[in-house]
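Residue numbers (our numbering): 597 to 1045.
Cβ coordinates follow ideal geometry from the N, Cα and C atoms, glycine included.
These figures come from a predicted structure and were not determined experimentally.
A short worksheet on the structure shown next.
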């Protein structure tokens, strides 16, 4: 039997002791560094498990997963269910709310952290590609500003975080720092005429015409040719610099990400999970901005989006791609996001269902060599920006025509299509019970309805 002792600080500054008991291998306490790295709580449970708890006398716990004992309200059972993510449990004394304890419910799958991040990153990429594909004029009028709704706020942050908190983006930044683009800059400097080694046309002109001159001693070899020489002349030299338009763009992009994430974290509707994850993102963005390379770089006067370096050079092209997707991701609201991370949870199974939709959609387009119609209906304007119409139980149908040498076929890829039960051939539907599979691929000849 595992045991985990937790000290809970209440609103009035007092602390109470909470003890959890669970089966072997179901209670964990990770380091503060690891918790901060993943935006999680140090005290961690496992999904689908039950835990006995006990808290100091006079206090009791309240929450959806809490089942208090009838004999002693300070003891009971916590049942995590299939929820994965942050779990907030209220600590009360009588009818008064005194504070809360935050626990983390981890998945039984060991790689769920990486899987969750990868799937969310791919969903973000597919969604922003849809936004570019739609090319609707209404898209031009939305500004990426934080919403007043806490749920929408976290949805948008999750999309943005999946772009900039990835190994690909980090590798791109390190590639830029290790091999930056440089250029030659002309450096002008006033130097004593005695220290000038090479004389060009400009230097000779200054020797002849410059003011603030000094006399030449009689024993000097030039005495007789010149009566006076200028005290100082302006010399020019070339030096290698990293202050290029491309590096300025990188600094601008990182500054934009930093400011935007900082705005999210400081928003009044920001929840605990958003603040934890946001502060970690802000921390590594701050490290990038404080790099010695970017300290030598100014802010851009204009954005060199047509630069061959930004479009082709390794590292720079990834930053450009993320920056272009960032503006779109900041506008996006996902209806199905409530199922994935409502109230701080991370429903990996539900996210997998949405992720699989995009993978199958891409596979259908690839196999049948077509671009499905009605794709633009997946993105529609809403009060909060642009809404991704992908949600459990909501029917989505995308169709196209496959043309081969012998015949033309209608192709329809459906999500949550409903088939009525008790129908007979040739009517469409199910022969037995009503069905609603997650994904349906329908193929029939053109001309037949």
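Grouping DSSP H, G and I as helix and E and B as strand, with all else coil, what is residue i?
i	result
residue 622	coil
residue 632	helix
residue 939	Only weak support exists for where residue 939 lies, its pLDDT of 45 falling under 50; the value from the coordinates is given anyway. Helix, per DSSP.
residue 964	coil
residue 1029	coil
residue 874	helix
residue 639	strand
residue 992	strand
residue 921	helix
residue 812	coil
residue 908	helix
residue 778	coil
residue 610	coil
residue 571	Because the chain spans 597 through 1045 in this model, residue 571 falls outside it and cannot be assessed.
residue 859	helix
residue 648	strand
residue 892	coil
residue 1046	What is shown of the chain runs 597 to 1045, which leaves residue 1046 out entirely.
residue 758	helix
residue 662	strand
residue 915	helix
residue 604	strand
residue 1019	coil
residue 707	coil
residue 736	Annotation note: pLDDT 30 at residue 736 (below 50); position unreliable, coordinate value reported separately. Correct three-state label for residue 736: helix.
Checking the sheet assignment: what are the DSSP bridge partners for residue i?
i	result
residue 1006	997, 1040
residue 656	688
residue 951	DSSP output for residue 951 lists no bridge partner at all.
residue 826	809
residue 598	618
residue 699	683
residue 838	BP columns for residue 838 are empty, so no partner.
residue 672	649, 664
residue 1035	1011
Which same chain residues end up closer than 8 Å to residue i when comparing Cβ atoms and leaving out the 5 residues on each side of it in sequence?
i	result
residue 765	759, 914, 915, 918
residue 644	676, 677, 678, 704
residue 809	824, 825, 826, 827
residue 1031	1014, 1015, 1017
residue 625	600, 638, 639, 640
Ordered along the chain, which non-local residues of its own chain (more than five positions away) have a Cβ less than 7 Å from that of residue i?
i	result
residue 858	878
residue 951	715, 718, 719
residue 609	none
residue 650	615, 670, 671
residue 947	712, 715, 716, 936
residue 736	Interpretation of residue 736 is limited by its pLDDT of 30, a score under 50 that renders its predicted location unreliable; no figure is taken from the coordinates.
residue 603	611, 613
residue 903	841, 842
residue 876	632, 633, 635
residue 894	839, 844
residue 1042	997, 1004, 1005, 1006
residue 905	777, 842, 912
Ignore the nearest five residues each way along the sequence and tell me which others in residue i's own chain have a CB closer than 6 Å to its CB.
i	result
residue 695	606, 607, 687
residue 963	none
residue 675	646, 661
residue 1010	993, 1036
residue 873	635
residue 599	617
residue 884	769, 850
residue 732	Any reading at residue 732 must be qualified, since the residue scores a pLDDT of 38, below 50, and its modelled position is unreliable; the value itself is stated next. Excluding residues within five positions, none has a Cβ falling inside 6 Å.
residue 657	685
residue 781	835, 837
Assuming residue i and residue j make a contact with CB atoms under 8 Å, what is their CB distance in whole Å?
i	j	result
residue 678	residue 776	Contact doesn't hold; Cβ gap of about 48 Å is too wide.
residue 614	residue 701	Wrong, their Cβ atoms sit about 16 Å apart, outside the cutoff.
residue 1038	residue 1008	4 Å
residue 699	residue 779	Between residue 779 and residue 699 the Cβ distance is about 54 Å, and since that is not below 8 Å, they are no contact.
residue 569	residue 689	Outside the displayed range of the chain (597 to 1045) lies residue 569, so it cannot be described from this structure.
residue 853	residue 922	7 Å
residue 752	residue 784	About 48 Å separates the two Cβ atoms, so there is no contact after all.
residue 680	residue 663	Residue 680 to residue 663, Cβ: 20 Å. No contact.
residue 641	residue 623	7 Å
- Count the C-beta pairs between the segment 829–848 and the segment 900–912 that are closer than 8 Å, then say yes if the count reaches three, no if not. The segment 829–848 makes contact with the segment 900–912: 3 or more CB pairs, one atom from each, lie closer than 8 Å.
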